[in-house]
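S.K.:
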Ligand SMILES: Cc1ncc(C[n+]2csc(CCOP(=O)(O)OP(=O)(O)O)c2C)c(N)n1
Ligand SMILES: [Mg+2]
């Protein structure tokens, strides 16, 4: 089934888009994303992929072109990073508000100034409230698989999906990746049949002025679609497992049986932390790991079930909401608040701007949490002053 | 009367009862454009007066699909829709972006330049009422010299001439650039039909008077539009492939003052200022005539006498 290839994270995205038979691609260069669309433009030029590639003059236009194409019923794709994603901001709202199932890859890169091309999550997290689903990937295989699943879910709930991968640590690192047979992917992901689209001969208007009598319900329905997506992501992740041999969920529970202490991670820090958790368990520590894969829609029930009964939780955030604290930390705490019995939750911030987060760092954070009694707003890890 | 409507189809593709102001040049412009284009068309409109004119949810005052878009995205949105329609088998459907002067000359010029340079297969129309009207009459780079707006008050009126958008587009070597005017429906419709059948980026700049924004009464809409042409303030011409200039009509050459005097937005102008504007208009017109001459080797073929248009 399929073939094994050695692919970078970026090229895994490209292959995911190829297998998803995207019809319109529009993008603009930005490090570290560029390779994704370079390879796609080759697929299109070589007619390996039957699609139109719109070579725009900005990311704002890239997202706009995807919106127009999707509005006409085509499967649209783009990829970006950091400044590019920030420039798209207005159109991210537009894509979601117009209920278009666009899929975008965002390579997590730190925001300027000062300039950086290295990874942290502030770019994607700043777009958290635009109405896009957000899925954080850990490996190149997960990246490829998530592109395909993202279309499957997006096209059912009519919301766009942003899949997120770490700059360089994933985007430029090669791993063996299984690239599936096209027929099998076609079976999983049928062609997109837009229920509502710009159809010559049908004079309907989309996005017209909606006054206070109607606007509210548009937003209510977006939230309902997000809520529906929670179950769908699980269902489609399971079906994906049956068909391709790799199962996906909203989160991943790693060695959590009987663990009193849980590390919560996202992105590639997860892989490093998994190694550490395995070692620590061998040393007799009661530790496990929860990987946050899906941030939007937020998997409240799953997180409560996974963390509710534990003693302590350390949330590791490669991001910061200035004036508050790490974003995953906020989200986990708010999910646990309604529980009567809940663990103590600590928030750690390491690795901004791509600073290495080593196994030793993760060990340190674990033991720090274990001995800490009082919750602090932010526990910085690795700041040199 | 019959003369002016020669070649203007009876078919209506805009519906009556829209919410445009009385005498709105932009509303009449759309009516004429849609007559010419027919229903195998998809329209996209950014933030502008036409956002409102086209109707509140769930209405649509156009007899074709309409996609509302963000202010600065008209050209790329049209190109994106075109790409999507093409992939979905609607290869022959015309996609028209329809934006105001602010959306074209100012905030949308990046996406427009990008689309024009790539020669996207779209028709881009700018209806020009010479200010940001939807937000209440603020200047744009299409606001003419001397005009009052709420951000160029009479103590400091607009002091720069209008941006030459036609030549900016021509510099991209797009296949077709034209000016059109609601007071010349026959010429207007001919240009839209011509544009409809060309491939690549087509750009039409429409002169669209705005009675409330120009501080004039609504029955002067057509009169002021006509005076803009006859005074050479807004000549009717076409540029093909970025270099072939064709003036469609030799104006009567009425004084610019006659055009300015109809409108409250120019009321503060002194005789001296009006003379300066007159001089600028003449110079600009002369340059345009030279470009026509360079293309055609003569100016004799420019129709005069006020009635017949060069085709
Ligand atoms: C990014 C952005 N900035 C500002 C606005 C506010 N806005 C809406 S319409 C408009 C004026 C449009 O002017 P023009 O393009 O000339 O069209 P008109 O209203 O004159 O028809 C402005 C400034 C907006 N919608 N989007
Ligand atoms: Mg305007």
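Residue numbers (this note's numbering), protein chains in the order written: chain L, 520 to 904; chain C, 11 to 321. Ideal placement from N, C-alpha and C gives every residue a C-beta, glycine not left out.
Does ligand 1 have even one heavy atom less than 8 Å from the beta-carbon of residue 547/L?
M.R.: no
S.K.: So, helix, strand or coil for residue 725/L, using DSSP?
M.R.: Strand.
S.K.: Heavy atom of ligand 4 less than 8 Å from the Cβ of residue 139/C, yes or no?
M.R.: The ligand content of the structure shown is limited to ligand 1 and ligand 2, which means ligand 4 is not among them.
S.K.: Identify the contact partners of residue 4/C in chain L, using a Cβ-Cβ distance below 8 Å as the criterion.
M.R.: Given a span of 11 to 321 for chain C in the structure shown, any question on residue 4/C remains unanswerable.
S.K.: Which one of 208/C, 117/C, 111/C has the shortest CA to CA distance from residue 130/C?
M.R.: When only C-alpha atoms are compared, the closest one is 208/C.
S.K.: Roughly how many whole angstroms lie between the Cα atoms of residue 668/L and residue 756/L?
M.R.: In a straight line, the C-alpha of residue 668/L is about 7 Å away from that of residue 756/L.
S.K.: Beta carbons nearer than 8 Å to chain C: which residues of the stretch 631-656 of chain L have them?
M.R.: none
S.K.: For the candidate residues 780/L, 703/L, 788/L, whose alpha-carbon lies nearest to that of residue 800/L?
M.R.: Per the Cα distances, 780/L.
S.K.: Can you name, in chain order, every residue of its own chain whose Cβ lies under 6 Å from the Cβ of residue 152/C, other than the five neighbours on each side?
M.R.: 111, 115, 138, 140, 172
S.K.: Going by the C-beta, is residue 31/C closer than 8 Å to any heavy atom of ligand 2?
M.R.: no
S.K.: Thinking just about the alpha-carbon of each residue, which of 846/L, 825/L, 826/L is nearest to the one in residue 835/L?
M.R.: For the residues 846/L, 825/L, 826/L, the minimum Cα distance to residue 835/L belongs to 846/L.
S.K.: Please give me, in chain order, every unbroken run of the beta strand (DSSP E) with length at least 3 that falls completely inside the stretch 787-834 of chain L.
M.R.: 806-811, 813-815
S.K.: Tell me where the beta strand (DSSP E) around residue 698/L begins and ends.
M.R.: 693-698
S.K.: List, from N- to C-terminal side, the beta strand (DSSP E) runs of 3 residues or more that fit wholly inside the stretch 201-260 of chain C.
M.R.: 212-217, 247-250, 254-257
S.K.: What is the C-beta distance between residue 73/C and residue 49/C, in whole angstroms, given that I count them as a contact (C-beta under 8 Å)?
M.R.: 6 Å
S.K.: Excluding five sequence neighbours on each side, which residues of the same chain lie with their C-beta closer than 7 Å to the C-beta of residue 366/C?
M.R.: Missing from the structure shown is residue 366/C; chain C here goes from 11 to 321 and no further.
S.K.: Please work out which residues of its chain come closer than 8 Å, Cβ to Cβ, to residue 729/L, disregarding the five sequence neighbours upstream and downstream, and give them in chain order.
M.R.: 737
S.K.: Within the 9 Å Cβ cut-off, does residue 733/L reach chain C?
M.R.: yes
S.K.: Assuming residue 627/L contacts residue 685/L (C-beta within less than 8 Å), just tell me the rounded distance between them.
M.R.: 5 Å
S.K.: Quick one, which of 223/C, 312/C, 292/C has its alpha-carbon nearest residue 247/C's?
M.R.: 312/C
S.K.: So what's residue 704/L in DSSP terms, helix, strand or just coil?
M.R.: Of the three classes helix, strand and coil, the one that applies to residue 704/L here is helix, per DSSP.
S.K.: Using a Cβ-Cβ distance under 9 Å, would residue 302/C count as near chain L?
M.R.: no
S.K.: Under 8 Å, with one C-beta from each stretch per pair, do the stretch 236-243 of chain C and the stretch 252-271 of chain C reach the 3-pair mark?
M.R.: yes
S.K.: Can you list, in chain order, the residues of its chain whose CB lies under 6 Å from that of residue 12/C, leaving out five sequence neighbours each side?
M.R.: Here residue 12/C scores only 41 on pLDDT, less than 50, and its place in the model is too uncertain to base an answer on.
S.K.: Provide the residue span of the alpha helix (DSSP H) that contains residue 60/C, from first to last.
M.R.: 59-63
S.K.: Can we say the stretch 529-540 of chain L touches the stretch 652-666 of chain L, given the rule of at least three CB pairs closer than 8 Å?
M.R.: yes
S.K.: By the 10 Å Cβ neighbour count, where 16 or more other Cβ atoms means buried, how is residue 228/C classified, buried or exposed?
M.R.: exposed
S.K.: Answer with yes or no whether the minimum CB distance from residue 69/C to chain L is below 9 Å.
M.R.: yes
S.K.: With distances taken from CA atoms, which of 66/C, 88/C, 64/C is nearest residue 582/L?
M.R.: Proximity to residue 582/L across 66/C, 88/C, 64/C peaks at 88/C, based on C-alpha coordinates.
S.K.: Kindly indicate which three-state DSSP category residue 136/C falls into: helix, strand or coil?
M.R.: strand
S.K.: Evaluate residue 898/L with the Cβ neighbour count: other Cβ atoms within 10 Å of its Cβ, from every protein chain shown; 16 or more gives buried, anything less gives exposed.
M.R.: buried
S.K.: Compare the C-beta of residue 577/L against all C-beta atoms of chain C and say whether one is closer than 9 Å.
M.R.: yes
S.K.: Helix, strand or coil for residue 193/C? Go by DSSP, reduced to three states.
M.R.: coil
S.K.: For residue 880/L, is the classification buried or exposed, using 16 other Cβ atoms within 10 angstroms of its Cβ as the cut-off for buried?
M.R.: buried
S.K.: What residue range is occupied by the uninterrupted alpha helix (DSSP H) comprising residue 740/L?
M.R.: It spans 734-763 - the alpha helix (DSSP H) in which residue 740/L sits, taken as one unbroken run.
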